[in-house]
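What follows is a short report on a single structure.
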Amino acid sequence: MSQSRFPPFAQVRNAWRTKRTQWTTSSSREQHAPFMRRSASSFWRASAAGRATSSFLNDPTVQFVSGVLAWIPVGMFVGRHVYSVSRITGRSMLPTFNEDHDQTGWDDVVLLDRWSWSWGRWALQRGDVVTLWSPREAENLTTKRIVALEGDIVTPRDPKTRMRRTNDPLPDLSPYRIPPGHVWVEGDNAGESVDSNTYGPVAIGLIQARVTSILFPFDRFGPPKPAAKNDGRVKVWDDYVKRNNRRWREPVEEAPAAEGTQGAARPT
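Under the UniProt record's numbering, the sequence shown has 81 at position 81, and the numbering climbs by one with no breaks.
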């Protein structure tokens, strides 16, 4: 009979029992104890770190700061594209704004509607008070009232009644028509306003918002005062067409407008 290549079953069983006995001895447990202690220590450190993180996130101050930071982008969007609050400085819009500034020293605070203008929900109207980029100082916002729209015929104010800088050229007081895409803006206080009487019609792309309400001082809370009655310097295009049977596409002469804008058309 040939000899088996494998050891007898009894021999394998005895060898397994011997090894198992060695693994369960105290010396073997002591050999593996450092690893077990390290594992347990890591577990408890991780648990403690988790509890510390949870406690930090549940802190009322942290939650308040996180909430404020989360709303900053929303506030920036609303202020740029929906509504914003602004302070009116200067005297060019007296008595509509800053009427009590000389007595109190406080500037008027107003609410600006940017949403209607940005999304085309608001059509320009004569008498609207708007904020726009100054054609002369592109980095400055100014507040003026729309006096005339495209197609209207305007006679500039007499220089004796309005503000004029020393380096400004002598004004041309002959009437001219507002070109398409432009408006004529003026300050309510003619003696202290640099407006379209100085730099001509302005492109509607410079308009940023409409002033909808005075927020401060509280005794004048509400919409701005309406425009003064037309003094005859502005001929509304619709009325002019009806009276003179004119057409929009008629031969005109070009007159200078605000720097960077198209020329204003002289009526024929």
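From the three backbone atoms N, C-alpha and C, an ideal C-beta is built for every residue, glycine too. Remember, it's a predicted structure, so these values are computed and weren't measured experimentally.
Taking each of R210, R233, P175 and R145 in turn and checking the Cα distance to V85, the smallest one comes out for R210. Note: R145 is bridge-paired with V129 and E186 in the DSSP secondary-structure output. Between the alpha carbons of V234 and T155 lies a distance of about 6 angstroms.
Between Q208 and R114, the C-beta gap is smaller than 9 angstroms, which places the two residues in contact. 9 angstroms or more divides the Cβ of I178 from the Cβ of I214. A contact is defined here as three or more CB-CB pairs under 8 angstroms, and the stretch 187 to 207 fails this definition with respect to the stretch 68 to 79. Straight-line measurement puts the Cα of E139 at about 23 angstroms from the Cα of L124. For D113, there is no enclosing alpha helix (DSSP H); the residue is found in the beta strand (DSSP E) stretching over V109 to D113.
Straight-line spacing of the CA atoms in W184 and Q63 works out to 51 angstroms.
Secondary structure of A138 (DSSP, three-state): coil. Annotation for S196: no beta strand (DSSP E) segment contains it, though the alpha helix (DSSP H) segment containing it runs S196 to Y199. C-alpha of T198 to C-alpha of W133: approximately 15 angstroms in a straight line. In chain order, D108 and V109 place their CB closer than 7 angstroms to the CB of F216, counting only its own chain and leaving out the 5 sequence neighbours on each side.
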